[in-house]
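In the working numbering, the protein residues as written are 611 to 1010.
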Ligand code: HSE
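Following this line, the structure appears as structure tokens:
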């Protein structure tokens, strides 16, 4: 039997215990060992919970329990998660975590400790909840050069954008619903400002290019400026608006960004609705791939964490190599990245002025909205910022 400790008994931690207990028999067959959660760390009491007798409040009790071989971290945030995880790895234990903040910031270091101690640091659930995407990048796609990753990486904002698009729902109301369903972060700015998606694309990009990508280097914009009118234009263009975490390689440089983007209706990311996440990957040999599933929520995320526990048990005493070099990958200058932009200008902007700046453009008009709206040609980010600096911009959205 392999004994497991779970740190954090919130939405995900409870889900992990439920998955490991509900599927105990089939998991035992797959892991080759019975897996039992023997201790759960949380500051709270859980009277009436079937696992209340396993709850402890002091990490030392887990640290000093030499029977524990695998630690599951579902506390979220950097501290004390980082200290606890590092301690467990230095003790030679394997760790499975759903914590993207921890992985984005300290992934390379924790992977290196696990390698040195011949254990494993596993983090499938840190990106895309229940979607298998980390293992495919580490293993299945290792023969490819990854040319692009574009992901809908945050369930809360995708749920919100879907409700706004389909029902004209109000921003605050849909945020509350996402929180009630257990999708949102403790501080919802992490979702709506794009910070959560930023950490996730930093992790995927680090794995794709095998070097440390600092999330602080990734320009990040959330969905707070997206309005009902934007969706009217998107519909007219036959496109969807999605919060996209994107990285791509061009001319030997890797570029990364998080922003709401207009996606062509025929692109596989366009129809991804509700809390579902999807990661589109383009490899130079495999061509287009799409990974799709529930990116948030208790059991889908827990399914990925529990599978990491199974993997850790299957590889006790062996390290499965993950290439994530701690040397920093210097990203390409975001001002030099090129794309088309959808722009909405005040209705009284003279067309001659628009033509002078952008050349000939096709206007997109919506009967009840008096604006000048159009899509630019391909421009560098910094050229675009320069072009619109003296214009009365209502909104602008990048085109994928
Ligand atoms: N708040 C995150 C989301 C949870 O909505 O996707 C999963 O990381």
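Ideal Cβ positions, reconstructed from N, Cα and C, are used throughout, including at glycine.
>> Can you find the residues in the same chain that come closer than 7 Å, C-beta to C-beta, to residue 656, ignoring five residues on each side of it along the sequence?
In response: 619, 662, 665
> On the three-state DSSP scale, how would you describe residue 1003?
Replying inline: strand
> How many whole angstroms separate the CB atoms of residue 747 and residue 715, which I take to be in contact at a CB cut-off of 8 Å?
Replying inline: Not a contact, Cβ separation roughly 19 Å.
> To the nearest angstrom, how far is it from the Cα of residue 779 to the Cα of residue 691?
Replying inline: 36 Å
> When the Cα of residue 881 is compared with those of 776, 637, 682, 865, which residue comes out closest?
Replying inline: 776
>> Whole angstroms are fine: how far does the CA of residue 743 sit from the CA of residue 846?
In response: 33 Å
> Short check: CB of residue 1011 to CB of residue 889, under 8 Å?
Replying inline: The structure shown does not extend to residue 1011, since the chain spans only 611 to 1010, so no value can be given for it.
> How is residue 741 classed by DSSP in three states: helix, strand or coil?
Replying inline: coil
>> In this structure, how does DSSP classify residue 769 when only helix, strand and coil are distinguished?
In response: helix
>> Could you tell me which whole beta strand (DSSP E) segments of length 3 or greater appear in the region 928-952?
In response: 935-938
> Beta-carbon separation of residue 990 and residue 964 under 8 Å?
Replying inline: no
> Do you know how far the Cα of residue 672 is from the Cα of residue 819?
Replying inline: 36 Å
> Does the distance from the CB of residue 755 to the CB of residue 941 come in under 8 Å?
Replying inline: no
>> Taking the beta carbon of residue 639 as the centre, do at least 16 other beta carbons fall within 10 Å, making it buried, or is it exposed?
In response: exposed
>> Checking the sheet assignment: what are the DSSP bridge partners for residue 774?
In response: For residue 774, which the question treats as bridged, DSSP gives no partner whatsoever.
>> Bridge partners for residue 877 per DSSP, in chain order?
In response: Partner(s): none; residue 877 has no beta bridge.
> Are three or more beta carbon pairs between the region 853-866 and the region 715-727 nearer than 8 Å?
Replying inline: no
> Between the Cα of residue 644 and the Cα atoms of 652, 734, 631, 653, which residue gives the shortest distance?
Replying inline: 631
>> Let me check you understand the geometry: is the CB of residue 801 closer than 7 Å to at least one non-hydrogen atom of the ligand HSE?
In response: yes
>> According to DSSP, is residue 973 part of a helix, a strand, or is it coil?
In response: strand
> Could one say the Cβ of residue 712 lies closer than 8 Å to chain C's Cβ atoms, at least one of them?
Replying inline: The structure shown contains no chain C; it is built from a single protein chain.
>> Tell me which residues share the same chain as residue 642 and place their Cβ nearer than 8 Å to its Cβ, disregarding the 5 neighbours each side in the sequence.
In response: 923, 924
> Straight-line CA distance for residue 973 to residue 838?
Replying inline: 19 Å
> With respect to the alpha helix (DSSP H) encompassing residue 996, which residues constitute its N-terminal and C-terminal limits?
Replying inline: 991-998
>> I need the DSSP call for residue 898, collapsed to helix, strand or coil.
In response: strand
> Which value, in whole angstroms, describes the spacing of the CA atoms of residue 803 and residue 883?
Replying inline: 19 Å
>> Does residue 975 pass the burial test, meaning 16 or more other C-beta atoms within 10 Å, or should it be called exposed?
In response: exposed
>> Quick check on residue 840: buried or exposed, where buried means 16 or more other Cβ atoms within 10 Å of its Cβ?
In response: buried
> Would you say residue 706 touches the ligand HSE, meaning its beta carbon is less than 7 Å from a heavy atom?
Replying inline: no
>> Are there any heavy atoms of the ligand HSE lying less than 7 Å away from the beta-carbon of residue 830, as far as the coordinates show?
In response: no
>> Below 7 Å, is the gap between the Cβ of residue 990 and the nearest heavy atom of the ligand HSE?
In response: no
>> Taking a contact to mean a Cβ-Cβ separation below 8 Å, would you say residue 1007 touches residue 872 in this structure?
In response: yes
>> Counting C-beta neighbours from all protein chains within 10 Å, is the total for residue 1012 16 or more, i.e. buried, or is it exposed?
In response: What the structure shows of the chain is the stretch from 611 to 1010, and residue 1012 is not part of that stretch, so it cannot be assessed.
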